[in-house]
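Structure first, commentary second.
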Amino acid sequence: MLQLENVAKAFGGLTAVQNLSLTVSQGEIVGLIGPNGAGKTTLFNLITGFYKADTGRVVFQGQDITRLGPADRCKRGIARTFQHVRPFQHLTLLENVEVARIYGRDPANTRTQAQRDARELLQHVGLAENAGAHASSLTLMNRKRLELARALATRPTLLLLDEWLAGLNPSEVREALDMIRALRASGITIFLVEHLVKALLSVSDRVIAMDAGEKIAEGTPMEVATNPKVIEAYLGPEMHHA
Ligand SMILES: Nc1ncnc2c1ncn2[C@@H]1O[C@H](COP(=O)(O)OP(=O)(O)OP(=O)(O)O)[C@@H](O)[C@H]1O
Ligand SMILES: [Mg+2]
Numbered sequence: 000m001l002q003l004e005n006v007a008k009a010f011g012g013l014t015a016v017q018n019l020s021l022t023v024s025q026g027e028i029v030g031l032i033g034p035n036g037a038g039k040t041t042l043f044n045l046i047t048g049f050y051k052a053d054t055g056r057v058v059f060q061g062q063d064i065t066r067l068g069p070a071d072r073c074k075r076g077i078a079r080t081f082q083h084v085r086p087f088q089h090l091t092l093l094e095n096v097e098v099a100r101i102y103g104r105d106p107a108n109t110r111t112q113a114q115r116d117a118r119e120l121l122q123h124v125g126l127a128e129n130a131g132a133h134a135s136s137l138t139l140m141n142r143k144r145l146e147l148a149r150a151l152a153t154r155p156t157l158l159l160l161d162e163w164l165a166g167l168n169p170s171e172v173r174e175a176l177d178m179i180r181a182l183r184a185s186g187i188t189i190f191l192v193e194h195l196v197k198a199l200l201s202v203s204d205r206v207i208a209m210d211a212g213e214k215i216a217e218g219t220p221m222e223v224a225t226n227p228k229v230i231e232a233y234l235g236p237e238m239h240h241a
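Numbering (numbering that gives the first Met the number 0), first residue to last: 0 to 241.
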């Protein structure tokens, strides 16, 4: 479904992603781990078009999208949540989701339709009761729910989640993991970044590890969690038993 071929991105003298190749197959849940500054968010920005790759190619569903901007990639079915969640504070939750439903893949044709779909999505993520509230009033968990509803409103086939679980308590994490599994069951392919390693390992079919802009390991959750390079760069010895 998604293929990166030797993708690189530098900021001035700093190479944030170097010569990185990976694939994500239809229907998979792929987890991406690595220390702070490894290049994970930069990689997501290269996939979603917020950054353009300096070299290499990004291929989505067999088509080269390397030069497309974020709006065009979104229309093809790539959506993401942001590590730093920033809803439109002065719009209601319903309006936030409605906006997303007017853009993206297979957008709503009318405002009425967009509103109806937005209501359904809010219900789906457990925010139906807050539809008329302003986004600025939300708790963290509810901001995360809204962020997901906005991403889903663009009808993605590939969804990138950048630390969507960060800051949640253990029971909220369990709930969020169930939501991720349900999304996959509904046909959406998932690529996620998390520092909550146990949660990531439990939900992922396959895991990729990065350090200093490079892929250092890839395999089953167990293979990556026990890989000496990953333990040294990121997990530390105690995660050996994760
Ligand atoms: N827009 C930018 N301009 C300059 N440097 C940047 C920019 N975006 C990222 N970087 C740098 O690129 C490197 C990779 O950053 P990135 O945000 O991709 O890391 P990350 O793996 O997502 O880290 P974290 O786990 O902390 O979110 C870091 O050194 C960061 O400072
Ligand atoms: Mg990041």
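C-beta atoms are modelled at their ideal positions from N, C-alpha and C, and glycine is treated no differently.
Tell me whether residue i, by its Cβ, gets closer than 7 Å to a heavy atom of ligand 1.
i: L139; result: no
i: G103; result: no
i: G12; result: no
i: A52; result: no
i: N35; result: yes
i: A15; result: yes
Residues bridged to residue i by DSSP?
i: V196; result: DSSP, once it has assigned bridges, lists no residue as partnering V196.
i: M130; result: Note that residue 130 corresponds to Ala in the displayed sequence, not to Met. BP columns for A130 are empty, so no partner.
i: A208; result: I32, A216
i: D63; result: V58
i: E4; result: R56
i: L158; result: A78, I189
i: F43; result: Bridge partners of F43: none, in fact.
i: A9; result: T14
i: L21; result: L3
i: T91; result: H133
Buried or exposed, going by whether 16 or more other CB atoms sit within 10 Å of the CB of residue i?
i: A216; result: buried
i: H239; result: Any reading at H239 is ruled out, since the residue's pLDDT is 48, under 50, leaving its predicted position unreliable.
i: D177; result: exposed
i: S24; result: exposed
i: A134; result: buried
i: L164; result: buried
i: L13; result: exposed
i: G212; result: buried
i: A224; result: buried
i: T54; result: exposed
i: N5; result: exposed
i: T41; result: buried
Can you check whether the C-beta of residue i is within less than 8 Å of a C-beta belonging to chain B?
i: A132; result: Although the question refers to chain B, the structure presented lacks it and comprises just one protein chain.
Neighbouring residues (CB closer than 7 Å to any heavy atom of ligand 2): K39, T40, Q82, D161, E162, V192
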